[in-house]
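The listed protein sequences derive, respectively, from chains A and R.
The first sequence runs contiguously to residue 164 in UniProt numbering.
The second sequence runs contiguously to residue 164 in UniProt numbering.
The next block holds one structure in the form of structure tokens; read it before the comments.
There are 2 protein chains.
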Amino acid sequence: MAEPRWLDEDEARAWRGYRRMFLLLNARIARELAEECGLSEPDYDVLSMLSDSKGRSERIKDLAARMLWSQSRLSHHITRMQQRGLVTREEVAGDRRGASVVLTKTGLKAIRTAAPSHVESVRRNIIDLLTPEQVTVLGDIAETVVERLATDSTSDRGTGARPG
Amino acid sequence: MAEPRWLDEDEARAWRGYRRMFLLLNARIARELAEECGLSEPDYDVLSMLSDSKGRSERIKDLAARMLWSQSRLSHHITRMQQRGLVTREEVAGDRRGASVVLTKTGLKAIRTAAPSHVESVRRNIIDLLTPEQVTVLGDIAETVVERLATDSTSDRGTGARPG
DNA sequence: ACCCGTTTCTTGACACGTCATCTACATTGG
DNA sequence: CCAATGTAGATGACGTGTCAAGAAACGGGT
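Here's what the structure looks like:
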């Protein structure tokens with residue numbers, strides 16, 4: 001193999017910084033969420049998605065697709081959340097394979113309580129630290145990368161589609 | 001609690017985009033690394049750090065601190081990597097509590113093989129998609145957030161008070 | 001109707017990370 | 001020196017995420 005194009009100084013700074021930021025930021029936000037609300041980030045994401053769904057329920061495959069989770073991951077997670085009373089499973093009319101997740105009263109209360117505190121956490125630990133321009137550029141960057149990855153990729157198991 | 005300051009459109013776009021980008025980017029890069037080199041990202045990180053250390057070995061506590069990992073995490077991971085022959089443990093002269101991780105010949109070979117392919121992966125999936133300006137801004141953002149999180153190790157939750 | 005491939009969801013095994021806890025050693029202060 | 005406190009590392013339990021495999025139902029072609 002020919003000598004690869006190693007990252008230059010700026011690129012390495014960005015890449016390492018990005019990874020380090022994720023590590024710390026994720027840990028911090030997860031910890032605050034757990035301490036204040038007793039929820040993990042995945043819990044929060046599921047509840048948040050569900051609370052925006054019509055009827056506060058959604059088919060598992062649709063929810064998984066919307067969240068970019070594998071069905072397997074969602075199924076496992078729902079099982080755990082179900083045991084804590086945050087959601088329930090329900091059959092789907094018209095497709096006996098199907099299953100929906102439904103937000104329980106407890107789950108709704110949990111997300112309603114958690115949301116304000118979570119937003120504050122996000123502001124305090126990243127958004128409010130940045131200039132409006134930086135916020136916009138971060139959005140641009142994410143859009144570019146996501147578009148590229150979402151189109152030529154897979155959400156569940158690897159397709160093995162490899163360039164080169 | 002008063003009505004929180006919800007994220008505006010740009011902020012929400014940045015935050016959601018960032019999370020989505022991480023989800024997809026991490027999955028993609030991890031998958032390529034696993035398929036091409038048989039390494040996980042944490043494997044790669046440990047090997048990469050070790051290969052830059054003097055003597056290709058480092059004390060566990062120092063390595064953990066440098067990587068921003070908990071000692072426990074590193075200890076667990078080293079156990080798994082040890083079983084695959086990538087590293088070994090070694091006693092430390094002068095402190096009988098201590099232990100070092102040492103890169104094996106196999107581990108060195110693994111990281112040397114993996115590095116070029118990993119850099120290509122990073123380029124293909126993010127760095128080369130961005131303008132130089134975006135790369136710089138990403139580095140700036142990460143620096144800002146990391147600095148804040150690294151210094152402020154104990155949280156000042158609840159008040160919304162922020163150091164100026 | 002039946003077969004066959006596909007979709008939807010679940011499950012089990014395993015890798016990974018965190019937390020609390022434990023052991024062993026080191027260091028400090030009486 | 002000895003007790004108390006602190007530090008280094010390992011470990012077990014548990015929650016989480018991935019993959020492969022399986023079960024059940026769907027749907028199209030014959």
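Heads up, the beta-carbon is just placed ideally off N, CA and C, and yes, glycines get one too.
- Not a single C-beta of chain A is nearer than 9 Å to the C-beta of I111(R).
- If you check the CB distance, V87(R) and L24(R) do not come in under 9 Å.
- For the pair of segments examined, the region 108 to 122 of chain A was found not to touch the region 88 to 96 of chain R: the number of CB pairs separated by less than 8 Å stays below three.
- Between I141(R) and E90(A), the alpha-carbon positions lie close to 43 Å from each other.
- Here DSSP, grouped into helix, strand and coil, assigns S48(R) to helix.
- If the five residues before and after R56(A) are omitted, its C-beta is found closer than 8 Å to the C-beta atoms of L50, V102, L103, L108, all from its own chain and listed in chain order.
- When C-beta distances to chain R are compared with 7 Å, the residues of the region 7 to 18 of chain A below that value are L7, D10, E11, R13, A14, W15, G17, Y18, in chain order.
- For V101(A), the uninterrupted beta strand (DSSP E) run begins and ends at 99 to 103, by DSSP.
- The continuous beta strand (DSSP E) containing V87(R) extends over residues 87 to 91.
- Nearest neighbour of D52(R) by Cα position, chosen from R148(R), H76(R), R66(R), T144(R), turns out to be R66(R).
- Taken in chain order, the unbroken stretches of beta strand (DSSP E) that lie wholly in the UniProt domain "HTH marR-type" (11 to 147) of chain A and span 3 residues or more are 57 to 59, 87 to 91, 99 to 103.
- The criterion of a C-beta distance shorter than 9 Å is satisfied by E133(R) and V137(A).
- Here W69(R) is buried. Its C-beta has 16 or more other C-beta atoms within 10 Å.
- In the three-state reduction of the DSSP assignment, E3(A) falls in the coil class, being assigned neither a helical nor a strand state.
- For the pair of segments examined, the region 3 to 15 of chain R was found to touch the region 109 to 129 of chain A: the number of CB pairs separated by less than 8 Å reaches three.
- Contacts with chain A at 9 Å (Cβ-Cβ) do not include P42(R).
- Approximately 6 Å separates the beta-carbon atoms of R59(A) and G98(A); this is inside 8 Å, confirming the contact.
- If you ignore the 5 residues before and after G85(R), its C-beta comes within less than 8 Å of the C-beta of T104, T106, G107, all in its own chain and listed in chain order.
- R19(A) and A12(R) have their C-alpha atoms roughly 21 Å apart.
- Around V122(A), the beta-carbon contacts reaching into chain R at under 8 Å are L7, W15.
- One alpha carbon belongs to G38(R), the other to E3(R), and they sit about 49 Å apart.
- Within the model, the alpha-carbon separation for D43(A) versus Q71(A) is close to 15 Å.
- Put simply, the CB of L68(R) is near chain A, with a gap under 9 Å to one of its CB atoms.
- For L138(A), the neighbours in chain R by C-beta distance under 8 Å run, in chain order, A14, G17, Y18, V137, L138, I141.
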